[in-house]
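Asks: Okay, handing you the structure first.
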Amino acid sequence: MGSLAAEAVGIMDPENPTKLETEAVHLSDGGSARNHLPNRVFVNRSLNLENIKCYGFDMDYTLAIYKSPEYEALGFELLRDRLVSIGYPHELLRYDYDPEFPTRGLVYDTMYGNLLKVDSHGNILVCTHGFSHLKGDDIHNYYPNLFIQRDDTERFYILNTLFNLSETYLYACLVDFFTSCTRYKNCTQGFQHGDLFMSFRSMFQDVRDAMDYVHDSGSLKDRTIKALEMYVVKDPRIPVLLSRVKEVAKVFLATNSDYSYTDAIMKYLLEVPASVKSGAPKRAWRSFFDLVVVDTRKPLFFGEGTVLRQVDTLTGKLRMGTYTGDLQHGTIYSGGSSDVVCDLLDVRGKEILYVGDHIFTDILKSKKRQGWRTFLVAPDLIKELQVWTDKRYLFEELKGLDVYLAEFYKHLDSGSHERPDISAIQTRMKMVTYGMDMCYGKREGERERGREGERERERCVCLTDSCVADGDVRYGHVLWEERGREGEREREGEIERERERDRGRAVYA
6 MGSLAAEAVG IMDPENPTKL ETEAVHLSDG GSARNHLPNR VFVNRSLNLE
56 NIKCYGFDMD YTLAIYKSPE YEALGFELLR DRLVSIGYPH ELLRYDYDPE
106 FPTRGLVYDT MYGNLLKVDS HGNILVCTHG FSHLKGDDIH NYYPNLFIQR
156 DDTERFYILN TLFNLSETYL YACLVDFFTS CTRYKNCTQG FQHGDLFMSF
206 RSMFQDVRDA MDYVHDSGSL KDRTIKALEM YVVKDPRIPV LLSRVKEVAK
256 VFLATNSDYS YTDAIMKYLL EVPASVKSGA PKRAWRSFFD LVVVDTRKPL
306 FFGEGTVLRQ VDTLTGKLRM GTYTGDLQHG TIYSGGSSDV VCDLLDVRGK
356 EILYVGDHIF TDILKSKKRQ GWRTFLVAPD LIKELQVWTD KRYLFEELKG
406 LDVYLAEFYK HLDSGSHERP DISAIQTRMK MVTYGMDMCY GKREGERERG
456 REGERERERC VCLTDSCVAD GDVRYGHVLW EERGREGERE REGEIERERE
506 RDRGRAVYA
């Protein structure tokens, strides 16, 4: 795709230099930005951009990146206040948004009020009740098999968008408040107050209704528009990118937002003077696109869709009747479907690359139903890659422990009667895994688990062939970092010194 394709670089597997592991496309012209993770595009398969004739973009969290945690804090404030306005206790107003707690992809159990972190198969990895981290026996009481049916959507709700972060934190706040409030009796599936029973399912529905109210009433959008600089990232590369793309292909915008909000956001992001020195007039944001569709109601947009109507840009109101004519440049459309977009732009399936942030609404639906090529914007990976880079020694230690564990069983077969003692290795694996988890943010329950870890380390003394000194448990060249009550305290200098002293010898606890 012209200039973008020219900026593609290959990242090679260091263990096999001839194998292409992935590719990265840098949208910045600055050489210093080439190794900056947010400026990279990682691909799962090779794609010849010369075959792409049309590029589509979502708006929210794609072209318009909202500032975190300011935007999530605003959403949380509006949700919390809405619940109080419909009768929830005023004590809830003391809760403020904590960006360290929620993460995208958690599952809310509407039966027991728990927030769950599960893997792709439904195995439970982390379970919290309010801000309390549940331990093994407590989790077994709720989920005897440590497993859930993720497709049971009547009970389990997946919080899979960035808009859900404030909602996720609110669920934890509600459970925390009612659990600690002496006016309410704790029950398995909710709370009792006199003749009133408040189930976790009813709280879930109230939060979902509040979420719909915040979005449908326009309160979140109004607050955002009034303080765009506070809540929206203005990236000067966006108009440059769209201009370059439009030189070689057709470009369209398809967003669930209404016209008024889309117009305000796009003006803020795209309408900048063509030349500050010459004082040239601003370029209208609609000129960056061949087609603009608002109120798409994805994922319905990728199925049967809705009525395609024109928008009166002067009033923001929809014009009567279904639009059946040819594409009119500069016209804003509302509703429609992906089939209509293909017809208006005269492109088909694999000729389209669609860029979005929602893995279900934007990516899966467009690919499965229309065969579009897809591009997922996943800012979560920035933190993931930073952890992998900065804390790689933890991953390497875990891999080493796995190899050491295999050595215990290497020469055993079905006739062997000896059972090796692997308790020390298992304990160490749990500690390293905990250290890895803590790199992604701390939760109240995890802080308690950290204190449990401190007590556990105090018990891990004089293990078989161990070397324990001053509370430090060493495995090979890796020194376990002590984590006190206030959280993780890294000791990079000491780690490096220990690596130098211990390199070449393996000491296991």
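Residue numbering for the sequence shown is 6 to 514, as defined by this note's numbering. Heads up, the beta-carbon is just placed ideally off N, CA and C, and yes, glycines get one too. Bear in mind the structure is a predicted one, so any value in this text is a computation, not a measurement.
Report all residues from its chain with a CB closer than 8 Å to the CB of residue 57; omit the five preceding and five following residues, and keep chain order.
Replies: Sequence index remark: in the sequence shown, residue 57 carries index 52 (1-based). These residues qualify, in order along the chain: 6, 254, 356, 357, 358 and 378.
Asks: Return the first residue and the last residue of the beta strand (DSSP E) that residue 387 is part of.
Replies: One-based indexing of the sequence shown puts residue 387 at position 382. From DSSP, residue 387 is part of no beta strand (DSSP E) but of the alpha helix (DSSP H) over 385 to 395.
Asks: Taking the alpha helix (DSSP H) that residue 220 belongs to, which residues open and close that run?
Replies: Your numbering for residue 220 matches position 215 in the sequence shown. It spans 205 to 221 - the alpha helix (DSSP H) in which residue 220 sits, taken as one unbroken run.
Asks: Leaving aside the five residues before and after residue 68 along the sequence, list all residues of the same chain whose C-beta is less than 7 Å from its C-beta, in chain order.
Replies: Within the sequence shown, the letter at position 63 stands for residue 68. Answer for residue 68: 62, 243 and 274, listed in chain order.
Asks: May I ask you to report which of helix, strand or coil DSSP gives residue 114?
Replies: Along the sequence shown, one-based indexing puts residue 114 at 109. Secondary structure at residue 114: strand, using DSSP grouped into helix, strand and coil.
Asks: Residue range of the beta strand (DSSP E) that residue 122 falls in?
Replies: Residue numbering aside, residue 122 sits at position 117 when the sequence shown is read from its first letter. Unbroken beta strand (DSSP E) run through residue 122: 119 to 123.
Asks: When the distance is taken between beta carbons, is residue 115 closer than 8 Å to residue 205?
Replies: To locate residue 205, count along the sequence shown from 1; it is residue 200. To locate residue 115, count along the sequence shown from 1; it is residue 110. It is a contact, given that the beta carbons lie within the stated cut-off.
Asks: In chain order, what residues of the same chain lie with their CB nearer than 6 Å to the CB of residue 176, ignoring the 5 residues before and after it?
Replies: By one-based count along the sequence shown, residue 176 stands at place 171. Taken in chain order, the residues that qualify are 113.
Asks: Find out if the Cβ-Cβ distance for the pair residue 307, residue 371 is shorter than 8 Å.
Replies: Locating residue 307 in the sequence shown gives position 302, counting from the first residue. Locating residue 371 in the sequence shown gives position 366, counting from the first residue. In contact: residue 307 and residue 371 (Cβ atoms closer than 8 Å).
Asks: Does any C-beta atom of chain B lie closer than 8 Å to the C-beta of residue 198?
Replies: No chain B is part of this structure, which consists of one protein chain only.
Asks: Starting from the C-beta of residue 66, find all residues in its chain whose C-beta is less than 6 Å away, skip the five residues before and the five after it, and write them out in chain order.
Replies: Within the sequence shown, numbered from 1, the residue matching residue 66 stands at position 61. The beta carbon of residue 66 sits closer than 6 Å to those of 167 and 362, all from its chain and outside the five residues before and after it, given in chain order.
Asks: For residue 178, name the three-state secondary structure that DSSP assigns.
Replies: Within the sequence shown, residue 178 is the residue found at index 173, counting from 1. In this structure, residue 178 counts as helix in the three-state DSSP scheme.
Asks: Once you ignore the five residues that flank residue 153 on each side, which residues in its own chain have a CB closer than 8 Å to its CB?
Replies: Sequence index remark: in the sequence shown, residue 153 carries index 148 (1-based). If we look at residue 153 and ignore the five residues flanking it on each side, its Cβ neighbours are 112, 114, 121, 123, 127, 129 and 161.
Asks: What span of residues does the alpha helix (DSSP H) with residue 230 cover, start to end?
Replies: The residue labelled residue 230 in the question sits at position 225 within the sequence shown. Residue 230 -> alpha helix (DSSP H) spans 224 to 231.
Asks: Give me the DSSP bridge partner(s) of residue 323.
Replies: Within the sequence shown, residue 323 is the residue found at index 318, counting from 1. Beta-bridge pairing links residue 323 to 316.
Asks: Are the CB atoms of residue 104 and residue 173 within a distance shorter than 8 Å?
Replies: Sequence index remark: in the sequence shown, residue 173 carries index 168 (1-based). Sequence index remark: in the sequence shown, residue 104 carries index 99 (1-based). No, Cβ-Cβ distance for residue 173 and residue 104 is not below 8 Å.
Asks: DSSP on residue 130, reduced to helix/strand/coil?
Replies: Along the sequence shown, read from residue 1 onward, the residue named residue 130 stands at position 125. DSSP places residue 130 in strand when its eight states are reduced to three.
Asks: How would you label residue 402, buried or exposed, when you count the other beta carbons within 10 angstroms and need 16 or more for buried?
Replies: Start at 1 with the first residue of the sequence shown, and residue 402 comes out as number 397. Result: buried.
Asks: With C-beta atoms as the reference, is residue 417 less than 8 Å away from residue 434?
Replies: Taking the first residue of the sequence shown as 1, we reach residue 417 at position 412. Taking the first residue of the sequence shown as 1, we reach residue 434 at position 429. No, the pair does not count as a contact, with Cβ atoms beyond the cut-off.
Asks: Compute the beta-carbon to beta-carbon distance between residue 72 and residue 219, rounded to the nearest angstrom, for a pair I have assumed lies under 8 Å.
Replies: Your numbering for residue 72 matches position 67 in the sequence shown. Your numbering for residue 219 matches position 214 in the sequence shown. Wrong, their Cβ atoms sit about 18 Å apart, outside the cutoff.
Asks: Only counting the same chain, and skipping five residues up and downstream in sequence, which positions put a Cβ closer than 8 Å to that of residue 334?
Replies: Here residue 334 corresponds to residue number 329 of the sequence shown, with the count starting at 1. Contacts found: 295.
Asks: Using DSSP with H/G/I as helix, E/B as strand and the rest coil, what is residue 158?
Replies: In the sequence shown, residue 158 corresponds to position 153, counting from 1. Secondary structure at residue 158: coil, using DSSP grouped into helix, strand and coil.
Asks: With DSSP run on the structure shown, which of helix, strand or coil describes residue 490?
Replies: By 1-based counting over the sequence shown, the position of residue 490 is 485. Since pLDDT at residue 490 reaches only 35, below the 50 mark, its modelled position is unreliable, and no value is offered.
Asks: Short of 8 Å in beta carbon distance, which residues of its chain neighbour residue 37, apart from the five on each side in sequence? Order them along the chain.
Replies: As a first step, residue 37 must be located in the sequence shown, where it is residue number 32. Interpretation of residue 37 is limited by its pLDDT of 44, a score under 50 that renders its predicted location unreliable; the figure taken from the coordinates is listed afterwards. Taken in chain order, the list of residues that qualify is empty.
Asks: What is the rounded straight-line gap between the Cα of residue 443 and the Cα of residue 437?
Replies: On the sequence shown, position 438 is the one that residue 443 refers to. On the sequence shown, position 432 is the one that residue 437 refers to. Using only the alpha carbons, I get a separation of about 10 Å.
Asks: Locate the beta strand (DSSP E) running through residue 61, then write down its first and last residues.
Replies: Reading the sequence shown from its first residue, position 56 is the one you call residue 61. Here the beta strand (DSSP E) through residue 61 covers 59 to 62.
Asks: What residue range is occupied by the uninterrupted beta strand (DSSP E) comprising residue 196?
Replies: As a first step, residue 196 is located in the sequence shown; it is residue number 191 there, counting from the start. From DSSP, the beta strand (DSSP E) with residue 196 extends over 195 to 198.
Asks: For residue 380, report the span of its beta strand (DSSP E) as first-last.
Replies: In the sequence shown, counting from the first residue as 1, residue 380 sits at position 375. Looking at the DSSP string, the run of the beta strand (DSSP E) that includes residue 380 is 378 to 381.
Asks: Which residue marks the beginning of the beta strand (DSSP E) containing residue 243, and which one marks its end?
Replies: Mapped onto the sequence shown, residue 243 falls at position 238. Residue 243 -> not in any beta strand (DSSP E); alpha helix (DSSP H) instead, spanning 242 to 253.
Asks: What separation, rounded to the nearest whole angstrom, lies between the Cα atoms of residue 263 and residue 325?
Replies: In the sequence shown, the residue the question calls residue 263 occupies position 258. In the sequence shown, the residue the question calls residue 325 occupies position 320. Near 17 Å, if we compare the C-alpha coordinates of residue 325 and residue 263.
Asks: Spell out the partners DSSP gives residue 49 in its beta bridges.
Replies: On the sequence shown, residue 49 is found 44 positions in, with the first residue counted as 1. Bridge partners of residue 49: none, in fact.
Asks: Excluding the 5 residues preceding and the 5 following residue 321 in the sequence, name in chain order all residues of the same chain whose CB lies nearer than 7 Å to its CB.
Replies: Indexing the sequence shown from 1 puts residue 321 at position 316. Once the five neighbours on either side are set aside, the close Cβ partners of residue 321 are 264 and 265.
Asks: Please report how far the alpha carbon of residue 94 lies from the alpha carbon of residue 215, in whole angstroms.
Replies: As a position in the sequence shown, residue 94 is number 89, starting the count at 1. As a position in the sequence shown, residue 215 is number 210, starting the count at 1. Distance between the alpha carbons of residue 94 and residue 215: 15 Å.
Asks: Measure the alpha-carbon distance for residue 374 versus residue 313 and round it to whole angstroms.
Replies: Within the sequence shown, the letter at position 369 stands for residue 374. Within the sequence shown, the letter at position 308 stands for residue 313. Approximately 19 Å, taken between the alpha carbons.
Asks: Thinking C-alpha only, which one of 163, 102, 98 and 97 is nearest residue 125?
Replies: The residue labelled residue 125 in the question sits at position 120 within the sequence shown. Of 163, 102, 98 and 97, the residue nearest in Cα terms is 163.
Asks: For residue 234, tell me which candidate among 272, 53, 209 and 223 has the shortest Cα-Cα distance.
Replies: Translated into positions along the sequence shown, residue 234 becomes position 229. Considering only 272, 53, 209 and 223, the residue with the shortest C-alpha distance to residue 234 is 272.
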